[in-house]
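Quick note on numbering: the numbering used here labels position 240 of the sequence shown as 263, and the sequence is numbered without any gaps.
In what follows, a structure is listed as structure tokens, so that the remarks can point back to it.
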Amino acid sequence: MVKFKDYYEILGVERKAGADDIKAAYRKMARKYHPDANKNDPKAEERIKEINEAYEVLKDPEKRSRYDQLGANWKSGDNFKPPPDSGFTFDFGNLGDLHNNKSFSDFFDMLFGQTFGSPQQQKAHGGTTRRQVLDQEADVELTLEELARGAKRTLQLSAPGGKPRTIEVKIPAGLRPGKKVRVPGEGATAGGSTVKGDLYLRIKVKPHSYFTIDGDNLVCELPVSPAQAVVGSEAVVTTIEGPVKIKIPAGTQSGRLLRLKGKGLPSRDGGVAGDQLVRTKIVIPTEISEKERELYSELARIEKQRQ
Numbered sequence: 024m025v026k027f028k029d030y031y032e033i034l035g036v037e038r039k040a041g042a043d044d045i046k047a048a049y050r051k052m053a054r055k056y057h058p059d060a061n062k063n064d065p066k067a068e069e070r071i072k073e074i075n076e077a078y079e080v081l082k083d084p085e086k087r088s089r090y091d092q093l094g095a096n097w098k099s100g101d102n103f104k105p106p107p108d109s110g111f112t113f114d115f116g117n118l119g120d121l122h123n124n125k126s127f128s129d130f131f132d133m134l135f136g137q138t139f140g141s142p143q144q145q146k147a148h149g150g151t152t153r154r155q156v157l158d159q160e161a162d163v164e165l166t167l168e169e170l171a172r173g174a175k176r177t178l179q180l181s182a183p184g185g186k187p188r189t190i191e192v193k194i195p196a197g198l199r200p201g202k203k204v205r206v207p208g209e210g211a212t213a214g215g216s217t218v219k220g221d222l223y224l225r226i227k228v229k230p231h232s233y234f235t236i237d238g239d240n241l242v243c244e245l246p247v248s249p250a251q252a253v254v255g256s257e258a259v260v261t262t263i264e265g266p267v268k269i270k271i272p273a274g275t276q277s278g279r280l281l282r283l284k285g286k287g288l289p290s291r292d293g294g295v296a297g298d299q300l301v302r303t304k305i306v307i308p309t310e311i312s313e314k315e316r317e318l319y320s321e322l323a324r325i326e327k328q329r330q
């Protein structure tokens, strides 16, 4: 979904306004909201972009006619998806950061499918192309182990009026949650056109019973008995590569982080991997043997004498 823009409302003209009225309104609004005349208004630059976009559409008979086909029932700011009979059949999904560097809005791109004008004008508008508008996104969920080692996914794709197709996607090791994998040429198509967008798979990770992710690091919890914490000990800790031994220093407090260097998430580019952080948790036993009870009682007696 994108937000519908009422270009007539932005320029302050009636829907039946003539070309001269639109030009006059544009010049008036451009002078009023020009950033040079509104240096203390942080919204002036965004406002002038909206005005330029509205004029770009309404001054051009072809663009204006296509815009008017949407009808007059949309309200500015409403979530917009082209109606079934409008000729717009693309499911654009979330275009996200594919449009970070352009002057015109996602609504403009959805409506027209490409940047208009000369190559110089296209550069000024951020170079948005019809192919970018056809790009689509989907989520793919991995286990933590798959995130670290890489994975393959078999996906079934379907488009309105087309046959479902199955593709296999290789997901490289070392990605992070929220990152995207680009699958070239597997996005939407424009009617009978041969132009295809790309498919972007956004990485999500299933909750893990043992690990949590902290950037490049993996965090886990290690139960420690009072005796282990006081005198120090060794314990076996699970890592994504298998079990390893870790030293518990004498005097360890509950919540202390012990670091296993390089045992976190791998780097995609072969750089330094993250670490595994082992958080100690001192656990008081609820069931003890008679011998343990004698020893704890003796320890309690000694501690009381020391007070």
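For glycine and all other residues, C-beta sits at the position ideal for the given N, C-alpha and C.
A quick note: this is a predicted structure, and the numbers were derived from the prediction, not measured.
Check, Outcome
"Shortest alpha-carbon distance to residue 202 belongs to which of 248, 164, 79, 245?", "164"
"Is residue 54 near the ligand SAM, with its Cβ less than 7 Å from a heavy atom?", "With respect to the ligand SAM, the structure offers nothing, as it holds no ligand at all."
"For residue 177, which residues does DSSP report across the bridge?", "191"
"Look at the Cβ atom of residue 9, then the Cβ atom of residue 266, and state whether they are nearer than 8 Å.", "Any question about residue 9 goes unanswered here, given that the chain covers just 24 to 330."
"Note down, in chain order, each residue of its chain lying with its Cβ closer than 6 Å to the Cβ of residue 197, except the 5 sequence neighbours on either side.", "289, 290, 291"
"Looking at the secondary structure, which residues open and close the alpha helix (DSSP H) in which residue 249 lies?", "249–254"
"By alpha-carbon positions, which one of 281, 73, 78, 298 ends up nearest to residue 287?", "298"
"Output needed for residue 277: all residues of its chain with C-beta closer than 7 Å, excluding positions within five of it in sequence on either side, in chain order.", "303, 304, 305"
"Classify residue 280 as buried or exposed, calling it buried when 16 or more other Cβ atoms lie within 10 Å of its own Cβ.", "exposed"
"Using the three-state DSSP reduction, which class does residue 80 fall into: helix, strand or coil?", "helix"
"Does the Cβ-Cβ distance between residue 200 and residue 173 come in under 8 Å?", "no"
"Along the beta strand (DSSP E) that carries residue 162, what are the first and last residues, could you check?", "159–165"
"Could you tell me whether the Cβ atoms of residue 177 and residue 191 are closer together than 8 Å?", "yes"
"DSSP three-state call for residue 328: helix, strand or coil?", "helix"
"For the region 201–285, which segments carrying the beta strand (DSSP E) assignment without a break, of at least 3 residues, lie completely within its bounds, in sequence order?", "203–206, 222–228, 235–237, 240–247, 256–262, 265–271, 280–283"
"Under three-state DSSP, which class holds residue 304?", "strand"
"Using only CA atoms, which one of 89, 86, 42, 130 lies nearest to residue 73?", "130"
"Quick test of your reading: residue 43 and residue 36, contact by CB under 8 Å. State the CB separation rounded to the nearest angstrom.", "Their Cβ separation, rounded to whole angstroms, is 11 Å, which puts residue 43 and residue 36 out of contact at 8 Å."
"Just the Cα atoms here: how many angstroms apart are residue 285 and residue 80?", "55 Å"
"Kindly list the residues whose CB is nearer than 6 Å to the CB of residue 234, restricted to its own chain and excluding five residues on each side of it in sequence; keep chain order.", "167, 241, 243"
"Could you compute how far the alpha carbon of residue 46 sits from the alpha carbon of residue 64?", "25 Å"
"Looking only at C-alpha atoms, which of 253, 318, 322 sits nearest to residue 275?", "253"
"Can you tell me where the alpha helix (DSSP H) with residue 46 in it begins and where it stops?", "42–56"
"With a Cβ-Cβ cutoff of 8 Å, do residue 238 and residue 158 count as a contact?", "no"
"For residue 328, does the count of other Cβ atoms within 10 angstroms reach 16, so buried, or fall short, so exposed?", "exposed"
"What's the C-alpha gap between residue 219 and residue 175?", "23 Å"
"Please list, in chain order, all residues of the same chain as residue 67 whose beta carbon is under 6 Å from its beta carbon, the five residues on each side excluded.", "56, 58, 61"
"Can you look up residue 120 in the DSSP assignment and give me helix, strand or coil?", "Note on residue 120: pLDDT 31, under 50, position unreliable in the model; the coordinate value appears next. DSSP places residue 120 in helix when its eight states are reduced to three."
"Quick one: residues in its chain with C-beta nearer than 6 Å to the C-beta of residue 207, no 5 flanking neighbours on either side, listed in chain order?", "221"
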